[in-house]
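For what it's worth, our numbering labels the leading residue of the sequence shown as 6, then goes sequentially.
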Amino acid sequence: MRGRIVGMGHFLPSRVVKNDELTAFMETSDEWIVQRTGIRERRWVEGDVGASELGEHAARQALAEAGLEPADIDLVIFATLSPDLNFPGSGCLLGARLGIPGVAALDIRNQCTGFLYGLATADAYVRSRLAKNVLVVGGEVHSTGLDMSTRGRDVSVLFGDGAGAAVVSLSQSESGLLDHELHADGRYAEILMVEAPASRLNPRLTPQMLEEGRHYPRMDGKAVFKHAVEKLPEVVHSVLRRNGLQLDDIALLVPHQANMRINELVARHLGLPPERVVHNIQKYGNTTAGSIPIALHEAVLEGRVKPGDLVLLAALGAGLTWGATLMRW
Ligand code: UT7
Numbered sequence: 006m007r008g009r010i011v012g013m014g015h016f017l018p019s020r021v022v023k024n025d026e027l028t029a030f031m032e033t034s035d036e037w038i039v040q041r042t043g044i045r046e047r048r049w050v051e052g053d054v055g056a057s058e059l060g061e062h063a064a065r066q067a068l069a070e071a072g073l074e075p076a077d078i079d080l081v082i083f084a085t086l087s088p089d090l091n092f093p094g095s096g097c098l099l100g101a102r103l104g105i106p107g108v109a110a111l112d113i114r115n116q117c118t119g120f121l122y123g124l125a126t127a128d129a130y131v132r133s134r135l136a137k138n139v140l141v142v143g144g145e146v147h148s149t150g151l152d153m154s155t156r157g158r159d160v161s162v163l164f165g166d167g168a169g170a171a172v173v174s175l176s177q178s179e180s181g182l183l184d185h186e187l188h189a190d191g192r193y194a195e196i197l198m199v200e201a202p203a204s205r206l207n208p209r210l211t212p213q214m215l216e217e218g219r220h221y222p223r224m225d226g227k228a229v230f231k232h233a234v235e236k237l238p239e240v241v242h243s244v245l246r247r248n249g250l251q252l253d254d255i256a257l258l259v260p261h262q263a264n265m266r267i268n269e270l271v272a273r274h275l276g277l278p279p280e281r282v283v284h285n286i287q288k289y290g291n292t293t294a295g296s297i298p299i300a301l302h303e304a305v306l307e308g309r310v311k312p313g314d315l316v317l318l319a320a321l322g323a324g325l326t327w328g329a330t331l332m333r334w
């Protein structure tokens with residue numbers, strides 16, 4: 006008995022923002038962004054839209070694909086670094102949106118690895134019979150929280166808004182979630198973070214902090230890049246090894262979409278041909294907790310994943326957090 010994804014959904018806001026549009030706010034260029042990251046455009050919300058609203062669209066699609074109603078869900082897991090509110094969590098808000106009062110909800114704050122932490126948690130809940138049908142959502146609204154001036158260009162050009170969702174149910178079949186390997190190393194917390202407002206600062210936010218842009222994400226891009234190209238192949242090999250598998254057994258690798266150069270390098274290190282690696286960063290940028298479920302669902306809809314295929318998901322991001330999920334589709 007294991008958890009199995011029985012339905013998926015994804016949602017992107019309709020507003021497309023091409024690289025050239027960003028030059029209205031900051032010194033950058035389409036050429037720089039494409040060369041360094043592979044990103045050509047991303048999606049931004051319009052007006053007051055929180056992560057739970059994007060998540061709701063993805064969740065309703067996942068429920069429909071699963072042939073379930075919201076009332077069938079007995080746990081909501083919401084992975085996001087951009088919750089609607091500092092508290093309560095977006096999982097609670099999503100439960101209200103779906104009309105399932107009283108259903109347990111929790112948020113996961115593990116950034117780009119958030120969806121994988123969510124899948125592992127859902128799998129553990131259904132295997133232990135604490136839940137039957139778990140809704141796992143990864144979703145972000147980045148666009149309202151980025152420094153759109155030249156000061157923040159190294160981060161702001163990378164991120165986009167979007168959400169993906171999966172319903173995980175207990176299954177007796179051979180298909181489903183086979184293994185999870187998750188890691189965190191807080192020694193590197195400060196290479197990618199939003200520093201303020203924060204409980205460790207007193208006061209949590211001052212006009213000076215706002216002026217200095219300390220409420221915007223800050224990143225040591227080269228350090229994150231280096232960790233990603235080292236840790237992602239490592240965790241993929243580790244999951245394969247402990248399941249007695251070879252890379253040749255894997256039909257598709259769905260990596261977190263942070264930078265096409267990272268994923269191309271990882272694929273090269275692993276010796277995976279391009280047709281067995283999913284890329285969609287060119288269309289959406291980095292949607293953080295949304296990126297893996299969006300990419301996986303697109304791959305399924307495009308027929309790149311067939312029943313019985315072994316699929317690997319892998320991610321690294323702020324925390325640092327990283328990990329991999331092995332599943333049979
Ligand atoms: O999912 C979260 C995890 N995040 C990541 O995985 C990100 C990992 N890191 C990266 O993807 C890359 O480090 C970046 C794409 C963020 C940056 O690429 P880079 O090759 O490391 O560039 P850099 O930061 O060393 O910057 C090179 C130059 C600098 O100018 P100088 O100092 O050489 O004159 C930057 O100021 O490029 C400049 N620059 C830009 N120029 C135009 C930085 N951002 C931009 C920009 N447009 N948006």
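Just so it is clear, CB atoms sit at the ideal spot from N, CA and C, and this is done for glycine as well. Being a predicted model, the structure only gives us computed values, none of them experimental.
Based on the DSSP secondary-structure assignment, which residues constitute the bridge partners of Pro260? Walking along the sequence shown from the start, residue 260 turns up at place 255. For Pro260, which the question treats as bridged, DSSP gives the partners Ala319.
Residues bridged to Phe164 (per DSSP): Here residue 164 refers to the residue found at position 159 when the sequence shown is read from its first residue. Asn291.
What do you reckon, is the C-beta of Arg158 under 7 Å from a heavy atom of the ligand UT7? Here residue 158 is taken as the residue at index 153 of the sequence shown, counted from 1. Yes - the ligand UT7 has a heavy atom lying nearer than 7 Å to the Cβ of Arg158.
Is the Cβ-Cβ distance between Glu70 and Met13 less than 8 Å? As a working mapping, residue 70 is identified with position 65 in the sequence shown. As a working mapping, residue 13 is identified with position 8 in the sequence shown. Result yes, Cβ atoms of Glu70 and Met13 sit closer than 8 Å.
What would DSSP say about Leu215, mapped onto helix, strand or coil? Counting from one through the sequence shown, the residue named residue 215 turns up at place 210. Three-state result, Leu215: helix.
Once the 5 residues before and after Thr33 are set aside, which same chain residues still bring their CB inside 7 Å of it? Numbered from its first residue, the sequence shown carries residue 33 at position 28. Closer than 7 Å at Cβ, skipping near neighbours: Leu27, Arg158, Val162.
Would you kindly check if the distance between the Cβ of Ile44 and the Cβ of Ile78 is under 8 Å? As a working mapping, residue 78 is identified with position 73 in the sequence shown. As a working mapping, residue 44 is identified with position 39 in the sequence shown. For Ile78 and Ile44, no; Cβs fall outside 8 Å.
Looking at the structure shown, is His302 part of a helix, part of a strand, or coil, going by DSSP? As a working note, residue 302 is residue 297 in the sequence shown. In this structure, His302 counts as helix in the three-state DSSP scheme.
Let me know if Thr155 comes out buried or exposed under the rule of 16 or more other beta-carbons within 10 Å of its beta-carbon. Locating residue 155 in the sequence shown gives position 150, counting from the first residue. With fewer than 16 Cβ atoms within 10 Å of its Cβ, Thr155 is classed as exposed.
Check for me: the alpha helix (DSSP H) holding Lys231 runs from which residue to which? Taking the sequence shown and counting its residues from 1, one reaches residue 231 at position 226. Looking at the DSSP string, the run of the alpha helix (DSSP H) that includes Lys231 is 226 to 247.
Decide if the region 163 to 175 is in contact with the region 281 to 294; the criterion is three or more beta carbon pairs, one per stretch, under 8 Å apart. yes
DSSP three-state assignment for Ser57, whether helix, strand or coil: Walking along the sequence shown from the start, residue 57 turns up at place 52. Looking at Ser57 - three-state DSSP - the assignment turns out to be helix.
For Leu86 and Leu175, I'd like the C-alpha separation in whole angstroms. Working through the sequence shown from its first residue, we reach residue 86 at position 81. Working through the sequence shown from its first residue, we reach residue 175 at position 170. Distance between the alpha carbons of Leu86 and Leu175 is about 28 Å.
With 16 as the cutoff for other CB atoms within 10 Å, does Trp37 come out buried or exposed? For the purposes of this step, residue 37 is taken as the residue at position 32 of the sequence shown. By the 10 Å Cβ count, Trp37 comes out exposed.
Please determine, among His242, Pro278, Val244, the residue with the shortest C-alpha to C-alpha distance to Ala256. Taking the first residue of the sequence shown as position 1, residue 256 is located at position 251. Closest option to Ala256, Cα to Cα, is Pro278.
Assuming contact is defined by CB atoms lying nearer than 8 Å, are Val108 and Val173 in contact in what I supplied? Within the sequence shown, residue 108 is the residue found at index 103, counting from 1. Within the sequence shown, residue 173 is the residue found at index 168, counting from 1. Result no, Cβ atoms of Val108 and Val173 do not sit closer than 8 Å.
Nearest residue (CA-CA) to Leu151, options Ser296, Ala323, Trp49: As a first step, residue 151 must be located in the sequence shown, where it is residue number 146. Nearest C-alpha to Leu151: Trp49.
How many Å lie between Gly72 and Met332 at the Cα? Position 67 of the sequence shown, counted from the first residue, corresponds to residue 72. Position 327 of the sequence shown, counted from the first residue, corresponds to residue 332. Gly72 and Met332: Cα-Cα distance of roughly 21 Å.
Contact defined as beta carbons within less than 8 Å: I believe Ala64 pairs with Ala129. What is the distance between those atoms, to the nearest angstrom? Along the sequence shown, one-based indexing puts residue 64 at 59. Along the sequence shown, one-based indexing puts residue 129 at 124. Contact doesn't hold; Cβ gap of about 20 Å is too wide.
How would you label Leu98, buried or exposed, when you count the other beta carbons within 10 angstroms and need 16 or more for buried? On the sequence shown, residue 98 is found 93 positions in, with the first residue counted as 1. Under this definition Leu98 is a buried residue.
Tell whether a beta-carbon distance below 8 Å holds between Gly295 and Gln116. Within the sequence shown, numbered from 1, the residue matching residue 295 stands at position 290. Within the sequence shown, numbered from 1, the residue matching residue 116 stands at position 111. Taking 8 Å as the Cβ cut-off, Gly295 and Gln116 do not qualify as a contacting pair.
Can you grab the Cα-Cα spacing for the pair Val81 / Ala136, in whole Å? Position 76 of the sequence shown holds residue 81. Position 131 of the sequence shown holds residue 136. Cα to Cα, Val81 sits roughly 10 Å from Ala136.
For Asn268, count the other beta carbons within 10 Å of its own beta carbon; 16 or more makes it buried, fewer makes it exposed. Which is it? To locate residue 268, count along the sequence shown from 1; it is residue 263. With 16 or more Cβ atoms within 10 Å of its Cβ, Asn268 is classed as buried.
Closest by CA to His147, which one among Ala194, Ser204, Glu216, Leu59? Within the sequence shown, residue 147 is the residue found at index 142, counting from 1. That would be Leu59, whose Cα lies nearest to the Cα of His147.
Whose CA, out of Phe83, Gly8, Asp184, lies closest to the CA of Ala329? Taking the sequence shown and counting its residues from 1, the one referred to as residue 329 is at position 324. Nearest of Phe83, Gly8, Asp184 to Ala329, Cα basis: Asp184.
Could you check whether the Cβ of Leu90 sits closer than 7 Å to any heavy atom belonging to the ligand UT7? Here residue 90 corresponds to residue number 85 of the sequence shown, with the count starting at 1. Incorrect: Leu90 has no Cβ contact closer than 7 Å to the ligand UT7.
Apply the 10 Å Cβ neighbour rule to Thr149 and answer buried if 16 or more other Cβ atoms are within range, or exposed otherwise. Numbered from 1 along the sequence shown, position 144 holds the residue referred to as residue 149. Thr149 comes out exposed.
According to DSSP, is Asn138 part of a helix, a strand, or is it coil? Locating residue 138 in the sequence shown gives position 133, counting from the first residue. In this structure, Asn138 counts as strand in the three-state DSSP scheme.
Taking Leu331 as part of the beta strand (DSSP E), name the residues at either end of that continuous run. Locating residue 331 in the sequence shown gives position 326, where the first residue counts as 1. First-last of the beta strand (DSSP E) with Leu331: 326 to 333.
Give the single residue among His220, Leu197, Ile10 whose Cα lies nearest to the Cα of Leu206. If you number the sequence shown from 1, residue 206 lands on position 201. Comparing Cα-Cα distances from Leu206 to each of His220, Leu197, Ile10, the minimum goes to His220.
Comparing alpha-carbon positions, which option in Gly55, Gln66, Asn24 lies nearest Glu46? As a first step, residue 46 is located in the sequence shown; it is residue number 41 there, counting from the start. Considering only alpha carbons, the answer is Asn24.
Just the C-alpha distance for His284 and Pro208, rounded to the nearest angstrom, thanks. Looking up residue 284 in the sequence shown gives position 279. Looking up residue 208 in the sequence shown gives position 203. Those two C-alpha atoms are separated by around 42 Å.
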